[in-house]
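Chains as they are written, first to last, in the numbering used here: chain A, 1 to 327; chain B, 328 to 670.
What follows is one structure encoded as structure tokens, with my remarks underneath.
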């Protein structure tokens, strides 16, 4: 297990290094002049532009800029104009000259709560539905469930979100309109505010999981070791949960690991639909103000989060499937 | 049983068949035993699939609407840019349609848009046209790139395979939705100088380029996996021994075996790109108003859902039908082309 984790962490570090390097290149080298973008539309003064160049460190070679940036994230740094930027330093926003890290650390709990809550919802609903379908294979329930899955696979968060708010929050009053979670001061209210967004977000994902789970379970039930277990006299339910589900779980977790990136994307759309203030909202607003350092910070932060979560998923995978451990 | 007279009349091909196969149509005197190409077989299987045919008709309907939108809207009599709500006084002071059900009437079949007061039917047709057009270009470019990438990767193998594989893994590790959002200002600033007016083609082009950039890897992987097994097969070996060049083997031996994958993947990828494009426009970083766009209609709908929910249904249900039809069609095409895979 330890060796497995070490290898995965080393791999993740390489991937993160490449992602940050490429992102940095794309954001600060590709635009003809980030300083022009930094000082906005009325920037014609040459002195001002070169002052901004110096302030952003753009008069240095690229690798030096990148190195400074990465060092800043871990140890903090002094910007070329003497401004101090404390330890996770992602630079200063173009839009309002604020340090960027507090902006992100303000916002990410919303996105993470959505992603975790949404994943929990679609894993429970999707896997549950798939298992029931496999259990009831060929019966009415199976057919109804597969039609629902097909429909669920074809709706969009930005369509059913407003409909769900209008129905469940405005008309029936069963659920709260979505709002930003504040876990420390109001945990119950935060939970209430997340139920509807998480459920809506889960719809586009669980259909896939129920289909996959169904076919995996059906496949597992046809395996020899299942037949042996049944022949030895074990109960069909026991075999279903302890043998077949465990066999299917490894594949489900693999699919989940692949989906992590889209879960994050789904969280962004959900935020916009429910008017929540998470990282997606931050990134979209930064588009309008052409705030490159902020965009890049959100990008690097989220990519790192996804890579780290992927390691966690892989570790879970190794725990469930003993064949993986030695690989 | 094939009667000798028929066999001789039909030429040598039939006599090669082993005699006495039970149930061959040859016994009834129909010369149907003559070989069918795999394409004909697939078409026969597809024709028997009722869901597939229905979905194909729906999909064709959407494509026709997208191509003929200007003509249909002209026949319909309204257009997608006139602000009927303001010109004809159909909106109240809050910008909502006065008439019930979102202002549905005999002149405005699907009602009028809140706030700007454009005709929803015309808007939807043009929105479908624009979103589908962008997605179609992304799909074609991604498929071509992915297939070429996978072919080269799988066929050359070895170190090339390894490095190209790591490259596509790396591209896959970017969070795509966020990448589109975060990178769009940079991409736009490449084409538009500070303070300049943006040309009409910049947005669609940037949308296409960004989605393509992170969109080709999945098909590339599929093609690679198939090529890896195909290139060990006897017919490829035979071609190699007879002195065919790599390019000829890729073109004449490998590519024809990949058509089913390519076709199925394109029908499955197109709706994904359509919804992704609509999602970006919905977030406000794709197409911009007043361009008619599927995603922008959801943006308007999400703003006004509490007062004018009718408006939301037209783009929403159209999109659900569109995605369902494409997904089912993709499944049917797969079943028709490859009867071995049972779902």
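Note that CB positions come from ideal geometry on N, CA and C, so glycine has one too.
Nothing here was measured: the structure is a model prediction, and the numbers come from that model.
### Query
What separation, rounded to the nearest whole angstrom, lies between the Cα atoms of residue 8(A) and residue 317(A)?
Position 8 of the first chain, counted from the start, is the residue given in the question as residue 8(A). Position 317 of the first chain, counted from the start, is the residue given in the question as residue 317(A). Taking the straight line from one Cα to the other gives about 13 Å.
### Query
Does the separation of the CB atoms of residue 411(B) and residue 439(B) fall below 9 Å?
Against the second chain, residue 411(B) aligns to sequence position 84. Against the second chain, residue 439(B) aligns to sequence position 112. Yes, the pair counts as a contact, with Cβ atoms nearer than the cut-off.
### Message
Let me check one thing: in DSSP terms, what residues is residue 78(A) bridge-paired to?
### Response
Within the first chain, the letter at position 78 stands for residue 78(A). According to DSSP, which records beta bridges pairwise, residue 78(A) is partnered with 84(A).
### Close beta carbons around residue 406(B), own chain, < 8 Å, minus the five adjacent residues each side
The residue given as residue 406(B) occupies position 79 in the second chain. These residues qualify, in order along the chain: 400, 446 and 449.
#### Entry: Same chain, Cβ closer than 7 Å to residue 10(A), neighbours up to 5 away in sequence not counted
Numbered from 1 along the first chain, position 10 holds the residue referred to as residue 10(A). Nothing listed; no residue qualifies.
### Query
Thinking C-beta only, is residue 263(A) closer than 9 Å to residue 272(A)?
To locate residue 272(A), count along the first chain from 1; it is residue 272. To locate residue 263(A), count along the first chain from 1; it is residue 263. Taking 9 Å as the Cβ cut-off, residue 272(A) and residue 263(A) do not qualify as a contacting pair.
### Task
Just grab the DSSP bridge partners of residue 439(B) for me.
Residue mapping note: residue 439(B) aligns to position 112 of the second chain, counting from 1. By DSSP's assignment, residue 439(B) forms a beta bridge with 446(B).
#### Entry: At least 3 beta-carbon pairs within less than 8 Å: the stretch 86-102 of chain A vs the stretch 281-298 of chain A
With contact defined as three or more Cβ pairs closer than 8 Å, the stretch 86-102 of chain A and the stretch 281-298 of chain A are in contact.
### Check whether residue 126(A) and residue 274(A) have beta carbons under 9 Å apart
Locating residue 126(A) in the first chain gives position 126, counting from the first residue. Locating residue 274(A) in the first chain gives position 274, counting from the first residue. Cβ distance not < 9 Å, so residue 126(A) and residue 274(A) don't count as in contact.
### Query
Relative to the C-alpha of residue 259(A), which residue among 164(A), 310(A), 73(A) and 101(A) is closest?
Translated into the one-based positions of the first chain, residue 259(A) becomes position 259. Residue 310(A) is the option with its Cα nearest to residue 259(A).
#### Entry: Residues near residue 587(B) in its chain [Cβ-Cβ closer than 6 Å; skip 5 each side]
Residue numbering aside, residue 587(B) sits at position 260 when the second chain is read from its first letter. Within the same chain, 664 and 665 come within 6 Å of residue 587(B) by CB-CB distance, once the 5 residues on both sides are set aside.
### Contact list for the stretch 633-652 of chain B against chain A, Cβ threshold 7 Å
Answer set for the stretch 633-652 of chain B: 633, 636, 639, 643, 646, 647, 650 and 651.
#### Entry: Exposure of residue 559(B), with buried meaning 16 or more beta-carbon neighbours within 10 Å
What you label residue 559(B) is simply residue 232 of the second chain in a count that begins at 1. Under this definition residue 559(B) is an exposed residue.
### Alpha-carbon spacing of residue 366(B) relative to residue 374(B), whole angstroms
On the second chain, position 39 is the one that residue 366(B) refers to. On the second chain, position 47 is the one that residue 374(B) refers to. One C-alpha to the other measures close to 12 Å.
### Message
Output needed in chain order: residues of the stretch 605-619 of chain B with a Cβ under 8 Å from some Cβ in chain A.
### Response
The residues in question are 605, 606, 609, 610, 611 and 612.
### Proximity of residue 652(B) and residue 382(B) at Cβ, strictly below 9 Å
The residue labelled residue 652(B) in the question sits at position 325 within the second chain. The residue labelled residue 382(B) in the question sits at position 55 within the second chain. Yes, these two residues count as a Cβ contact at 9 Å.
### Message
Here's the rule I'm using: 16 or more other beta-carbon atoms within 10 Å means buried, otherwise exposed. How should residue 228(A) be labelled?
### Response
Working through the first chain from its first residue, we reach residue 228(A) at position 228. Classification of residue 228(A): exposed, given that the 10 Å Cβ count is below 16.
### Message
Within 8 Å, do at least three Cβ pairs link the stretch 189-196 of chain A to the stretch 234-246 of chain A?
### Response
No, the stretch 234-246 of chain A does not touch the stretch 189-196 of chain A.
### Query
Which chain A residues are close to residue 462(B), counting only those with a beta carbon under 9 Å from its beta carbon?
Residue mapping note: residue 462(B) aligns to position 135 of the second chain, counting from 1. Those within 9 Å of residue 462(B) in chain A number zero; the least Cβ separation is about 14 Å.
### Query
Between residue 270(B) and residue 498(B), what straight-line distance do the alpha-carbon atoms span, to the nearest angstrom?
What the structure shows of chain B is the stretch from 328 to 670, and residue 270(B) is not part of that stretch, so it cannot be assessed.
### Three-state class that DSSP yields for residue 94(A) in the structure shown
For this step, residue 94(A) is matched to residue 94 along the first chain. In the three-state DSSP reduction, residue 94(A) falls in the coil class, being neither helix nor strand.
### Task
Check whether the Cβ of residue 442(B) sits closer than 8 Å to any heavy atom of the ligand GTP, and report yes or no.
Here there are no bound small molecules, and the ligand GTP is not part of this structure.
### Query
Under three-state DSSP, which class holds residue 61(A)?
As a first step, residue 61(A) is located in the first chain; it is residue number 61 there, counting from the start. DSSP places residue 61(A) in the coil class of the three-state scheme, outside both helix and strand.
### Query
Does the beta-carbon of residue 350(B) have 16 or more other beta-carbons within 10 angstroms, so that it is buried, or is it exposed?
Indexing the second chain from 1 puts residue 350(B) at position 23. With a pLDDT of 45 at residue 350(B), under the threshold of 50, the modelled position of this residue cannot be trusted; read the value that follows with caution. Flag for residue 350(B) reads exposed.
### Query
Apart from the five residues on each side of it in sequence, which residues of its chain come closer than 7 Å, Cβ to Cβ, to residue 203(A)?
Taking the first residue of the first chain as 1, we reach residue 203(A) at position 203. Result list for residue 203(A): 152, 155 and 160, in chain order.
### Query
What are the boundary residues of the alpha helix (DSSP H) that residue 401(B) is part of?
Taking the second chain and counting its residues from 1, the one referred to as residue 401(B) is at position 74. For residue 401(B), the uninterrupted alpha helix (DSSP H) segment begins and ends at 377-403.
### Task
Please report how far the alpha carbon of residue 26(A) lies from the alpha carbon of residue 534(B), in whole angstroms.
To locate residue 26(A), count along the first chain from 1; it is residue 26. To locate residue 534(B), count along the second chain from 1; it is residue 207. Annotation: residue 26(A) to residue 534(B) spans about 16 Å, alpha carbon to alpha carbon.
### Query
Which of the residues in the stretch 133-160 of chain A, read from start to end, lie with their CB under 9 Å from any CB of chain B?
Cβ contacts with chain B come from 150, 151, 153, 154, 155, 156, 157, 158, 159 and 160.
### Task
Out of 379(B), 368(B) and 393(B), state which residue places its alpha-carbon closest to the alpha-carbon of residue 299(B).
Past the edges of chain B, shown from 328 to 670, lies residue 299(B), and the structure says nothing about it.
### Message
Can you find the residues in the same chain that come closer than 6 Å, C-beta to C-beta, to residue 626(B), ignoring five residues on each side of it along the sequence?
### Response
Counted from its first residue, the second chain places residue 626(B) at position 299. Around residue 626(B): 609.
### Task
Give the residues from the stretch 368-402 of chain B that approach chain A closer than 7 Å (Cβ to any Cβ), ordered along the chain.
Residues: none.
### Query
In this structure, what does DSSP give as the bridge partners for residue 99(A)?
Here residue 99(A) refers to the residue found at position 99 when the first chain is read from its first residue. Its beta-bridge partners are 92(A).
### Query
Using a beta-carbon distance below 9 Å, is residue 232(A) in contact with chain B?
The residue you call residue 232(A) lines up with position 232 of the first chain. For residue 232(A), the closest Cβ of chain B is not nearer than 9 Å.
### Query
With a Cβ-Cβ cutoff of 9 Å, do residue 481(B) and residue 565(B) count as a contact?
Your numbering for residue 481(B) matches position 154 in the second chain. Your numbering for residue 565(B) matches position 238 in the second chain. Not a contact, by the Cβ cut-off of 9 Å.
### Message
Tell me the residue span of the alpha helix (DSSP H) that contains residue 486(B).
### Response
Position 159 of the second chain, counted from the first residue, corresponds to residue 486(B). DSSP places residue 486(B) in the uninterrupted alpha helix (DSSP H) bounded by 485-499.
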